[in-house]
Amino acid sequence: MLHYCSLKSNLGKVKVFSNTLVHYTAATSNFHPICPFSKRVMTWTMYCTIYLDAIFFARDSSEMNGEGTMGTICLTVFILLLLICFCQSDDQLTSARPLSPGDLLISKNGVFALGFFSPVGSNESLYVGIWFHGIPKRNRTIVWVANRDNPTTTASTPTLAISNSSDLVLSDSKGQTLWRTQNIVAAHDSGAFLVLRDTGNLVLQLPNTSVIWQSFDHPTDTILPGMEFLLIHRGRAVARLISWRSPDDPSTGDFSFGLDPVSNLQLIIWNGAKIYCRISVWNGVLGGMYPSSPSSMVYQTIVNKGDEFYLEIVVSGGSPYSRIMLDHTGTMKLLTWDSNSSSWTVISERPEGGYGLYDSCGPNGYCDFTEAAPACHCLEGFEAVGLNSSRGCRRTEPLQCSKGSHFVALPGMRVPDKFVLLRNRTFEQCAAECSWNCSCTAYAYANLSSGMADQSRCLVWTGELVDTWKSSNYGEVLYLRLANPPVKTKTNLVKIVLPITACLLLPICIALVCIYKFKAGKWRKEEIQKKLMLGYLGTSNELGDKNVEFPFVSFDDIVAATDNFSDCHMLGRGGFGKVYKGMLKGGKEVAVKRLSQGSGQGIDEFRNEVVLLVKLQHRNLVRLLGCCIHGEEKLLIYEYLPNKSLDAFLFVVTCLLNM
0 MLHYCSLKSN
10 LGKVKVFSNT
20 LVHYTAATSN
30 FHPICPFSKR
40 VMTWTMYCTI
50 YLDAIFFARD
60 SSEMNGEGTM
70 GTICLTVFIL
80 LLLICFCQSD
90 DQLTSARPLS
100 PGDLLISKNG
110 VFALGFFSPV
120 GSNESLYVGI
130 WFHGIPKRNR
140 TIVWVANRDN
150 PTTTASTPTL
160 AISNSSDLVL
170 SDSKGQTLWR
180 TQNIVAAHDS
190 GAFLVLRDTG
200 NLVLQLPNTS
210 VIWQSFDHPT
220 DTILPGMEFL
230 LIHRGRAVAR
240 LISWRSPDDP
250 STGDFSFGLD
260 PVSNLQLIIW
270 NGAKIYCRIS
280 VWNGVLGGMY
290 PSSPSSMVYQ
300 TIVNKGDEFY
310 LEIVVSGGSP
320 YSRIMLDHTG
330 TMKLLTWDSN
340 SSSWTVISER
350 PEGGYGLYDS
360 CGPNGYCDFT
370 EAAPACHCLE
380 GFEAVGLNSS
390 RGCRRTEPLQ
400 CSKGSHFVAL
410 PGMRVPDKFV
420 LLRNRTFEQC
430 AAECSWNCSC
440 TAYAYANLSS
450 GMADQSRCLV
460 WTGELVDTWK
470 SSNYGEVLYL
480 RLANPPVKTK
490 TNLVKIVLPI
500 TACLLLPICI
510 ALVCIYKFKA
520 GKWRKEEIQK
530 KLMLGYLGTS
540 NELGDKNVEF
550 PFVSFDDIVA
560 ATDNFSDCHM
570 LGRGGFGKVY
580 KGMLKGGKEV
590 AVKRLSQGSG
600 QGIDEFRNEV
610 VLLVKLQHRN
620 LVRLLGCCIH
630 GEEKLLIYEY
640 LPNKSLDAFL
650 FVVTCLLNM
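Numbering-wise, numbering that gives the first Met the number 0 puts 588 at position 589 of the sequence shown, and it's gapless, one number per residue.
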């Protein structure tokens, strides 16, 4: 419904559009909002503006003296000041002014609004909540709900009012209490009032500004800038965020977020009573910084005030709307409002894209967030249990106190869960605590510069390392215990060198044996051939003097000398065989007479020829250098006389005389 009225003055016009007082400036031809106000103030304003219009109309239609004009101006200023007073009171609720469905309590600068709302898809259930007033209604973002587990309906005509005992009470027309604050600070009829601040904090306070109750101390699923989300109070974990049941159901969901009550050192998301995701372990770093736009930043920090610790987000000047929320899926998100796309932008989230769930990589494994796609790996000194490391890892070398151990430093790690906290330790003492304890598997140390009496934090682990991360943005050094490698003693050196030497020498020895056997076989074969030939040729008496040199040549040497009896080496042929030119080892040229098997010359004739030539050694006779019998082969080796015949030697003198 559009409500319209105007105030004419020399300064311009004042109009009312939809419960908002606006001022018209002729220079810019624009309307500027002054302040929003309730229907009751708006109705009263309409009557005043009608009256003022009548006064200005009378002034314009008749001549009025200077005093009348001055009086009219004074009356106008008085009415405007009165309107401003009414406008300023629109962010407050008193005991005489309850809040009903359709009414809104709007913060001073119109950032947040308090009122009754129905979730999308539900027209019956009514809740009292706080939302961003500057965001379009289609994108309404609820940041706090009073009666989340006890909704009311429009038919019951509920009201939110301040009771005589200074409690904020939500009740229906039958007087049934649906929700209320429980305070023991204020006295009866103390004049308490409710104010909605631009931070989104709904504060019940006394006239002397003493706070009785505030919504920031009782969050639902959202942390707002300026909110001090209480983590620890006198050494005990206190507050928790609790998710909605679904996007359209603000009742208590399955997921919650808060400080680990066991260690008081790590932020955890629970699914019921089970750990769903560990956000971080406190290592003395008090916060993180995230860009929310090209010109603004969002800071997430931990604040220490005496014996209390708070989680807080701070936005730089000019930053858009920001919030941390735990959604119904158990994801913790840092979001900022993008006015260009009229949507919320996720700056950071945990678990991230389904990665980072508790113990997702199994014992002794870690999730590496430094990679483009996070993946599971085994810690150093461990190997995967199955085909991949998502099922966990086991040590490649078991720890044994008697064999010693050492520590390796793993930087950039979000340390594992199930640690033991040791207080008042230096780094050296922390390392010694783990070194002396054979069951200690790892340790981590940090200085906590937070104003605590204990300025150090020593964490040790005595079992498997569960739920470890690696990140490039945050983390610390984890010192992991590994078994010592085998000691390199003299005995071990012998055990290593001996097999290697044996492996190298064995083939060499086998090769040498083979060569020896080959040579020995060859020599034995030659001896056998010699004996056979001697047997063929007769006794030594037939050969005469034993000192006569008569070598037996092997058949293989003759084959090599004649290039396997090549025709290229053949010097001639006769009735008893062929004659070949050859070259024995050492470069001596010979003529080889190969008796053919069909020559008719038997062993006796061969023997007689050999014996005869051996006995008849003369300078004018061609010398017999050796012989060979190889199976059916019978060969004679003579000295080679190039281009000459026997008569050239016999008649050399005669030729010279004739010349």
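Note that beta-carbon positions come from the ideal geometry of N, C-alpha and C, so glycine has one too.
Distance between residue j and residue i (C-alpha atoms, nearest Å)
i    : j    : result
S61  : G101 : Any reading at S61 needs caution, since the residue's pLDDT is 47, under 50, leaving its predicted position unreliable; the model's value is listed next. Cα-Cα distance, rounded: 44 Å.
F671 : C508 : Here the chain has residues from 0 to 658 only, and residue 671 is not among them.
S262 : A145 : 31 Å
I268 : G380 : 30 Å
Y275 : E463 : 19 Å
N282 : E123 : 48 Å
R147 : L159 : 15 Å
E638 : A501 : 51 Å
M569 : K577 : 7 Å
G465 : I211 : With the sequence shown as reference, residue 465 is identified as Val, and Gly is not the correct amino acid for it. V465 and I211: Cα-Cα distance of roughly 44 Å.
C567 : E588 : 15 Å
L386 : Y354 : 19 Å
N423 : L98  : 54 Å
F116 : H217 : 19 Å
S126 : S279 : The identity of residue 126 in the sequence shown is Tyr, whereas the question assumes Ser. Taking the straight line from one Cα to the other gives about 34 Å.
S401 : P224 : 56 Å
S471 : L409 : 13 Å
I636 : G571 : 14 Å
G352 : V313 : 25 Å
A383 : Y442 : 22 Å
F426 : Y357 : 29 Å
A519 : S553 : 14 Å
V621 : D555 : 24 Å
L458 : T219 : 32 Å
Neighbour flag for residue i against chain B, beta carbons, 8 Å
i    : result
Y473 : The displayed structure is made up of one protein chain only, and chain B is not part of it.
Extent of the continuous alpha helix (DSSP H) run through residue i
i    : result
C360 : Neither: C360 is in no alpha helix (DSSP H) and is coded neither H nor E.
S689 : Residue 689 is absent from the model: the chain starts at 0 and stops at 658.
A560 : F554 to A560
C439 : No alpha helix (DSSP H) contains C439, which DSSP labels as neither H nor E.
Option in the options with minimal Cα separation from residue i
i    : options                   : result
L421 : Q454, D148, L310 and H568 : Q454
Q299 : D306, E311 and I499       : E311
V297 : K332, W269 and L266       : K332
I129 : L230, T93, I105 and H327  : I105
Y320 : S341, R390 and P157       : S341
N270 : L570, L497, G252 and G576 : G252
T156 : D148, G174 and W143       : G174
T208 : H217, T219, G190 and T221 : G190
S162 : R96, L103, R139 and R137  : R96
V345 : T335, N182 and E632       : T335
N303 : D556, W435 and I231       : I231
T93  : V142, I134 and V168       : V168
E631 : K614, R593 and P641       : R593
K107 : S121, D90, L623 and G120  : D90
T461 : E432, F308, A559 and N483 : E432
R137 : T152, V119 and T153       : V119
L479 : D562, N363 and R456       : N363
Residue i, enclosing beta strand (DSSP E) - first and last residue
i    : result
W269 : Q265 to N270
F564 : No beta strand (DSSP E) contains F564, which DSSP labels as neither H nor E.
G120 : Unbroken run through G120: none, as it is neither H nor E.
L681 : Any answer about residue 681 is impossible in this case: the structure gives the chain only from 0 up to 658.
T739 : No answer is possible for residue 739: it lies beyond the span of the chain, which begins at 0 and ends at 658.
G174 : No beta strand (DSSP E) contains G174, which DSSP labels as neither H nor E.
Y309 : E307 to V314
S321 : S321 to L325
L623 : L623 to H629
V280 : K273 to V280
A590 : E588 to L594
Y579 : G576 to M582
A482 : E475 to A482
V142 : I141 to V144
Does the stretch 605-614 come close enough to the stretch 566-582 to have 3 or more Cβ pairs within less than 8 Å? no
Complete beta strand (DSSP E) runs within the stretch 351-410 (minimum length 3 residues, chain order): 364-367, 374-377, 381-383 and 392-394
Is the stretch 170-185 touching the stretch 249-259 in the sense that three or more CB pairs, one from each, lie closer than 8 Å? no
Okay, do the stretch 395-403 and the stretch 356-376 touch, 3+ Cβ pairs below 8 Å being the bar? no
Validate contact between the stretch 186-206 and the stretch 103-111 using beta carbons, cut 8 Å, 3 pairs: yes
In chain order, which beta strand (DSSP E) runs of at least 3 residues are fully inside the stretch 181-260? 192-195, 201-204, 210-213, 228-232, 239-245 and 248-258
Tell me, please, whether the stretch 413-428 touches the stretch 385-394 by the rule of three or more beta-carbon pairs shorter than 8 Å. no
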